[in-house]
Amino acid sequence: MNKHIEPMSDQAIAEAARDAMFAGDHCSRSLGMEILSVGVGEAVVRMRIRRDMLNGHGTCHGGMIFTLADSCFAFACNSRNQRAVAMSCLIDFIKPAKEGDLLTAAAREVSLAGRNGIYDIAVTNGDGEQVAQFRGKSLIIPGTVTGDP
């Protein structure tokens, strides 16, 4: 029997890749990250700053903010169900976050050429103030995120 299989939409592919990645992303889930949206070459992820995320100055500035931006980057650059890894990342910390702040990272694809992508990620706090600006460069490697051919 020859069945006709309807191809998935680009949005459905992005959502399937998101689900497959997030299922195995114990770090992001343990930090309380929530994926608000994902689309082809874009993602929005948020995380509330907890007391255990603060540094010795009583603020959140550095690793936790980078981790949020990097996770958002990963969801955006893997949204085509092509396995992509970070080649390099630059981040500018503009303003520290405080306990209780709800940070939102929004990624958008700037360029995708061959196996290489460039993504910009803006991290903002609940007041809409920018906390950090992240730029990531990705490399597509063999395989798919979902494990499907």
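Residue numbers (our numbering): -16 to 132. Just so you know, even glycine gets a beta-carbon here, dropped at the ideal spot from N, CA and C. Note that the structure is a prediction, hence the values are computed from the model and not measured.
Coil, strand or helix - residue i by DSSP
i     : result
I123  : strand
I(-4) : helix
M4    : helix
D35   : helix
Distance, residue j Cα to residue i Cα
i     : j      : result
D2    : V68    : 17 Å
E25   : F76    : 21 Å
M4    : G111   : 28 Å
P79   : C10    : 21 Å
D(-7) : I48    : 29 Å
N99   : S121   : 6 Å
G45   : E(-11) : 45 Å
S94   : H40    : 37 Å
S54   : G7     : 12 Å
Y102  : F117   : 8 Å
CB-CB length for residue i against residue j, believed under 8 Å
i     : j    : result
I(-4) : N61  : In fact, because the Cβ distance is near 10 Å, the residues do not count as touching under 8 Å.
L86   : I32  : 7 Å
F58   : I104 : That pair is no contact at about 10 Å.
A89   : F56  : At roughly 11 Å, the Cβ-Cβ gap does not stay under 8 Å, so A89 and F56 are not in contact.
Unbroken beta strand (DSSP E) run spanning residue i, endpoints
i      : result
T50    : Premise fails: T50 lies in the alpha helix (DSSP H), G46 to C60, not in any beta strand (DSSP E).
E(-11) : From DSSP, E(-11) is part of no beta strand (DSSP E); its letter is neither H nor E.
Alpha helix (DSSP H) segment containing residue i, residue limits
i   : result
I74 : Where I74 is concerned, there is no enclosing alpha helix (DSSP H), although the beta strand (DSSP E) it sits in stretches over A67 to F76.
R12 : H9 to S13
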